[in-house]
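Undergrad:
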Amino acid sequence: MKGFKAILREVNFIVTAVLIFDIILASVLIFLSFYLALMLFSLNPWYSLLPTIICLGFLVYKGNMTNKYRIVEEHYQPLYEKLRTSADNVEQDNVVVDELEKEVVKDLQNVRVSSFVKIDRISYKVLGCILLCLIILFVSIYNVSFGDFNLGLDKVKELVYKSGGAGSGNSTGDELVSGTGGEGDQDIFGENSMAKIGNNELEIKIKQPSLEIVGSMIEEIPEREFEETFPDEISMTSSGSYEDKITLENQKLVKDYFKELSKS
Amino acid sequence: MVKDYKVVFDTVFKEVGKVMVGQEELLEEVMIAILANSNALLEGYPGLAKTLAIKTLSDVLDLKFSRIQNTPDLMPSDITGTFIINEQNGKREFKFQPGPIFANIVLADEINRATPKSQSALLEAMQEKQVTVGNNTYPLDLPFFVLATQNPIEQEGTYPLPEAQADRFLLKIRVGYPTPEEEMKIVDRYTNPVSEPKLKKLLNKQQILHLQQITRQVPIANDVKKRIVDLVHATRTKKDLVQYGASPRASIGLTLASKARALMKGRNHVSTEDIETMAYPVLRHRIILNFEAERKGMTTDDAVKELLSKVK
Numbered sequence: 004m005k006g007f008k009a010i011l012r013e014v015n016f017i018v019t020a021v022l023i024f025d026i027i028l029a030s031v032l033i034f035l036s037f038y039l040a041l042m043l044f045s046l047n048p049w050y051s052l053l054p055t056i057i058c059l060g061f062l063v064y065k066g067n068m069t070n071k072y073r074i075v076e077e078h079y080q081p082l083y084e085k086l087r088t089s090a091d092n093v094e095q096d097n098v099v100v101d102e103l104e105k106e107v108v109k110d111l112q113n114v115r116v117s118s119f120v121k122i123d124r125i126s127y128k129v130l131g132c133i134l135l136c137l138i139i140l141f142v143s144i145y146n147v148s149f150g151d152f153n154l155g156l157d158k159v160k161e162l163v164y165k166s167g168g169a170g171s172g173n174s175t176g177d178e179l180v181s182g183t184g185g186e187g188d189q190d191i192f193g194e195n196s197m198a199k200i201g202n203n204e205l206e207i208k209i210k211q212p213s214l215e216i217v218g219s220m221i222e223e224i225p226e227r228e229f230e231e232t233f234p235d236e237i238s239m240t241s242s243g244s245y246e247d248k249i250t251l252e253n254q255k256l257v258k259d260y261f262k263e264l265s266k267s
Numbered sequence: 043m044v045k046d047y048k049v050v051f052d053t054v055f056k057e058v059g060k061v062m063v064g065q066e067e068l069l070e071e072v073m074i075a076i077l078a079n080s081n082a083l084l085e086g087y088p089g090l091a092k093t094l095a096i097k098t099l100s101d102v103l104d105l106k107f108s109r110i111q112n113t114p115d116l117m118p119s120d121i122t123g124t125f126i127i128n129e130q131n132g133k134r135e136f137k138f139q140p141g142p143i144f145a146n147i148v149l150a151d152e153i154n155r156a157t158p159k160s161q162s163a164l165l166e167a168m169q170e171k172q173v174t175v176g177n178n179t180y181p182l183d184l185p186f187f188v189l190a191t192q193n194p195i196e197q198e199g200t201y202p203l204p205e206a207q208a209d210r211f212l213l214k215i216r217v218g219y220p221t222p223e224e225e226m227k228i229v230d231r232y233t234n235p236v237s238e239p240k241l242k243k244l245l246n247k248q249q250i251l252h253l254q255q256i257t258r259q260v261p262i263a264n265d266v267k268k269r270i271v272d273l274v275h276a277t278r279t280k281k282d283l284v285q286y287g288a289s290p291r292a293s294i295g296l297t298l299a300s301k302a303r304a305l306m307k308g309r310n311h312v313s314t315e316d317i318e319t320m321a322y323p324v325l326r327h328r329i330i331l332n333f334e335a336e337r338k339g340m341t342t343d344d345a346v347k348e349l350l351s352k353v354k
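If you're matching them up, the sequences are chains A and B in order.
Each number in the working numbering corresponds to the 1-based position in the first sequence with 3 added.
Each number in the working numbering corresponds to the 1-based position in the second sequence with 42 added.
#1: With distances taken from CA atoms, which of 82(B), 139(B) and 60(B) is nearest residue 164(B)?
#2: Would you say residue 120(A) lies against chain B (beta-carbon separation less than 8 angstroms)?
#3: Apart from the five residues on each side of it in sequence, which residues of its chain come closer than 7 angstroms, Cβ to Cβ, to residue 99(B)?
#4: So, with DSSP's three-state summary, where would you put residue 39(A)?
#5: Beta-carbon of residue 259(B) versus every beta-carbon of chain A: anything under 8 angstroms?
#6: Going by DSSP, what residues sit across from residue 188(B) in a beta bridge?
#7: Looking at the C-beta of residue 263(B), does it have a partner C-beta in chain A at a distance below 8 angstroms?
#8: Is any beta-carbon of chain B found at less than 8 angstroms from that of residue 80(A)?
#9: Tell me where the beta strand (DSSP E) around residue 47(A) begins and ends.
#10: What is the DSSP secondary structure of residue 322(B), counted as helix, strand or coil?
#11: Enumerate in chain order the residues of its own chain whose CB-to-CB distance from residue 244(B) is below 7 angstroms, with the five nearest sequence positions on each side excluded.
#12: Can you tell me whether residue 287(B) is buried or exposed, with buried defined as 16 or more other CB within 10 angstroms of its CB?
#13: Using three-state DSSP, classify residue 114(B) as helix, strand or coil.
#14: Classify residue 170(B) as buried or exposed, calling it buried when 16 or more other Cβ atoms lie within 10 Å of its own Cβ.
#15: Check whether chain B comes within 8 angstroms of residue 67(A), counting only Cβ atoms and requiring the distance to be less than that.
#16: Could you tell me whether the Cβ of residue 234(B) comes closer than 8 angstroms to any Cβ of chain A?
#17: Which residue comes first and which comes last in the beta strand (DSSP E) that contains residue 134(B)?
#18: Less than 8 angstroms between the CB atoms is what I'm expecting for residue 118(B) and residue 159(B), so what's the real figure, rounded?
#19: Is it buried or exposed, residue 341(B), if we count other Cβ atoms within 10 angstroms and call 16 or more buried?
#20: What residues are listed by DSSP as bridge partners for residue 215(B)?
#21: Between residue 98(A) and chain B, is any beta-carbon pair separated by less than 8 angstroms?
#22: Take residue 242(B) and list the residues in its own chain whose beta-carbon comes closer than 8 angstroms to its own, dropping the five residues that flank it on each side.
#23: Only counting the same chain, and skipping five residues up and downstream in sequence, which positions put a Cβ closer than 6 angstroms to that of residue 18(A)?
#24: State the CB to CB distance for the pair residue 144(B) and residue 183(B), rounded to an integer number of angstroms; the pair is presumed to be in contact (CB under 8 angstroms).
#25: Whose C-alpha, out of 86(A), 219(A), 96(A) and 206(A), is nearest the C-alpha of residue 227(A)?
#26: So what does DSSP say about residue 330(B), is it helix, strand or coil?
#27: List the residues of chain A that residue 313(B) touches, going by C-beta distances under 7 angstroms, in chain order.
#28: Tell me which residue opens and which closes the alpha helix (DSSP H) that residue 88(A) is part of.
#29: Spatial neighbours of residue 135(A) within its chain, please: C-beta separation below 7 angstroms, excluding the five flanking residues on both sides.
#30: Identify every residue that forms a DSSP beta bridge with residue 65(B).
#31: On a Cα-Cα basis, can you pick out the residue from 336(B), 311(B) and 295(B) that is closest to residue 325(B)?
#32: Roughly how far, in whole angstroms, is the beta-carbon of residue 240(B) from the beta-carbon of residue 327(B), given that I think they are within contact range, below 8 angstroms?
#33: Taking C-alpha atoms, which residue in 259(A), 41(A), 252(A) and 90(A) lies nearest to residue 8(A)?
#34: Output yes if chain A places a C-beta closer than 8 angstroms to the C-beta of residue 43(B); else output no.
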């Protein structure tokens, strides 16, 4: 009986190993497919990890629920129901069970590990992975894209913002402060792309509120030079402040001219 | 080893075949009931060799056979036996006179013609393998089987078996008509001036008891066992088809009957094929169809078939 238990363990181990290999290969294929798709639509390709993890979890669960002995039985018909029965009754010790175990051991000698490995299926999967890798490389090098889906998302967001919430102008100052206002609260300070500070990064540190002020923690504000660059769409046509540049002398001259003109 | 048992059973059926023509299914199912150490209910029209089959089988198995012809005036003491006054050397004393129940194979012919009182006299014997008369309890000789027959026609003046009693029978065996070819052979065999064949006694009590032990040792896979339980459970939950489902005794019975069939077929494990075959005789008398199913003209076998297709 001990020997038979060891045989069952070995069968279980081999089938599990084959299953795990298959699951990993399928997961890699799914990851690469999603990675490529996201790249083509200019979305963050690392989002492909999400469907991969979901798929991996499903496949592991399915593999775990599958009766390993049934897989062996499917590959060798004479073992049908025998292997499962002997595995389920391994603790029993009687003549019929002993005979069944001997039969199963004899039949298992005719089962080859290679029969569980579906060469054609694995070949297709490996080939698919290689092909996807090459396509990803090509897409990266030549920057191929079917459209900036990110921009599309931004536009959708903007539309939503405009249609309701803060965009409608109904929000109050309180709402803006508390953050409980309309749907567009997050955009009340304008779009990030509108404020360009060149290559410099803006560091904002928010000190935690404290009743005690520790002098050593007060730091001098680092001096930074900001380069003013305006977006292309902003241009000057006329300005009211332009009139302020007329000298007082000339202003007086014009006033006098109009006074004289009115007298005459 | 198990394959050798198949040879034994095949030889037994061959020997019975010297007298019987056809009815292989009946003989197999009766043998399954014997191996499972249980009882069977035979239902079929008159003249289908039910009694002959049982009598012949008991001869081949070298078991004591007795027959009780059930009638409405049959008393329980006619079955179990009674105390009689015995006079010996001038002394009179009560002596127990065993009834026909004291045999290995008891054929209770047309059981639905006996009153419920007499029918229930069989209950203790069937379940406990013992008989109580007065204050005394007498154990029955093992192996012990009750094979009851009932006629599906002429139901007037009969007492249909209560569900509780029907549940005690492991199998309800349907005895069908022979095929035209078989009937030709029957006519030839019983109209020619040939002497009755002498049957060999192929097994004995001890061997049958051993076979009963071996039957229980036949292993069954957990998922096959689960299918049995699911199937019996489905008889209770499928209310659109079945009004009253089978009891857990049906699960036990189906498992045992499947084990016995596996042994008889020379297999050292129970297969789904055994369950699918034995589900009909095990369940057909344990479920009561609802009005809707009866209106559609369904039989209990149809219901079992539908349940088998649903429970995988």
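Beta carbons are placed, not taken as given, at the ideal position from N, Cα and C, and that holds for glycine.
TA: According to the structure data:
#1: Taking each of 82(B), 139(B) and 60(B) in turn and checking the Cα distance to residue 164(B), the smallest one comes out for 82(B).
#2: Output row for residue 120(A): interface = no.
#3: Result list for residue 99(B): 58, 69 and 72, in chain order.
#4: In the structure shown, residue 39(A) sits in a helix (DSSP, three-state: H, G or I).
#5: Under the Cβ criterion of 8 angstroms, residue 259(B) is counted among the residues facing chain A.
#6: Bridge partners of residue 188(B) according to DSSP: 148(B).
#7: It does; some Cβ of chain A falls within 8 angstroms.
#8: No, residue 80(A) lies away from the interface with chain B (no Cβ there is under 8 angstroms from its Cβ).
#9: No residue range can be given for residue 47(A), since it is assigned to no beta strand (DSSP E) and is classified by DSSP as neither H nor E.
#10: In the structure shown, residue 322(B) adopts helical secondary structure according to DSSP, grouped into three states.
#11: Cβ neighbours of residue 244(B) beyond the five flanking positions: 53, 54, 57 and 102.
#12: Under this definition residue 287(B) is a buried residue.
#13: Reduced to three states, the DSSP call for residue 114(B) is coil.
#14: It is exposed - the Cβ of residue 170(B) has fewer than 16 other Cβ atoms within 10 Å.
#15: Interface flag for residue 67(A) against chain B is unset, since no Cβ pair is found closer than 8 angstroms.
#16: Judged by the 8 angstroms Cβ criterion, residue 234(B) is not in contact with chain A.
#17: 133 to 140 is the span of the beta strand (DSSP E), which, as asked, contains residue 134(B).
#18: Indeed, because the Cβ distance is near 6 angstroms, the residues count as touching under 8 angstroms.
#19: Residue environment analysis places residue 341(B) among the exposed positions, since fewer than 16 neighbouring C-beta atoms fall within 10 angstroms of its C-beta.
#20: Looking at the DSSP assignment, residue 215(B) forms a beta bridge with 84(B).
#21: For residue 98(A), the answer is yes, since a Cβ of chain B falls inside 8 angstroms of its Cβ.
#22: So the list reads 57 and 102, once near-sequence residues are dropped.
#23: Excluding residues within five positions, the ones whose Cβ falls inside 6 angstroms are 71 and 74.
#24: About 7 angstroms; that satisfies the 8 angstroms criterion.
#25: Proximity to residue 227(A) across 86(A), 219(A), 96(A) and 206(A) peaks at 206(A), based on C-alpha coordinates.
#26: DSSP, reduced to helix, strand and coil, places residue 330(B) within a strand of the structure shown.
#27: Under a criterion of Cβ atoms nearer than 7 angstroms, the residues of chain A adjacent to residue 313(B) are, in order, 84.
#28: Element bounds for residue 88(A): 85 to 91.
#29: Correct list, in chain order: 35, 36 and 39.
#30: Secondary-structure assignment with DSSP links residue 65(B) through no beta bridge to anything.
#31: Relative to the Cα of residue 325(B), the nearest Cα in the group 336(B), 311(B) and 295(B) belongs to 295(B).
#32: The pair is not a contact, with the Cβ atoms about 36 angstroms apart (cut-off 8 angstroms).
#33: Residue 90(A) is the option with its Cα nearest to residue 8(A).
#34: The Cβ of residue 43(B) sits closer than 8 angstroms to at least one Cβ of chain A.
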